[in-house]
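One structure is given below, encoded as structure tokens.
Residue numbers (my numbering): 32 to 126.
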């Protein structure tokens, strides 16, 4: 039955390549479009990460630290910010 359906499709011209104008040219266009989209997505991600890293640098600059020689990691920066904010809140609200 499957063979008969396949033969009928072939006779009608409903196969994969028929009527679509496919071929290497279309495939190259599609891959070119995909490459452009990927390049654009990569550029957006680089901008996003640059902004995030800039924000971490600004946060590092306002957090008091003991060792200014070593740059705090992102995780350490968030930990120190949490400790610093808690200390400031305690000063504000009292013991």
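Ideal placement from N, C-alpha and C gives every residue a C-beta, glycine not left out. Since this is a predicted model, take the numbers as computed values, not measurements.
Quiz item: Considering only the beta carbon of each residue, do residue 90 and residue 108 sit closer than 7 Å?
Solution: With contacts defined by Cβ atoms closer than 7 Å, residue 90 and residue 108 form a contacting pair.
Exercise. Check residue 100 in the structure and name its three-state DSSP category.
Key: Note: residue 100 maps to coil in three-state DSSP.
Exercise. State the Cα-Cα distance for the pair residue 99 and residue 121, rounded to the nearest angstrom.
Key: Take the alpha-carbon of residue 99 and the one of residue 121: they are about 25 Å apart.
Quiz item: For the candidate residues 78, 79, 113 and 64, whose alpha-carbon lies nearest to that of residue 93?
Solution: Measuring from the Cα of residue 93, the nearest candidate turns out to be 113.
Practice problem: Pull up the distance between the alpha-carbon of residue 57 and that of residue 77, whole angstroms please. | Solution: For the pair residue 57 and residue 77, the Cα-to-Cα distance works out to about 30 Å.
Quiz item: Can you give the Cα-Cα distance for residue 66 and residue 80, rounded to whole angstroms?
Solution: When the Cα atoms are used, residue 66 and residue 80 turn out to be separated by approximately 21 Å.
Practice problem: Measure the alpha-carbon distance for residue 105 versus residue 64 and round it to whole angstroms. | Solution: CA-CA distance, residue 105 to residue 64, rounds to 36 Å.
Quiz prompt | Rounded separation between residue 124 and residue 97 - CA only | solution = In a straight line, the C-alpha of residue 124 is about 25 Å away from that of residue 97.
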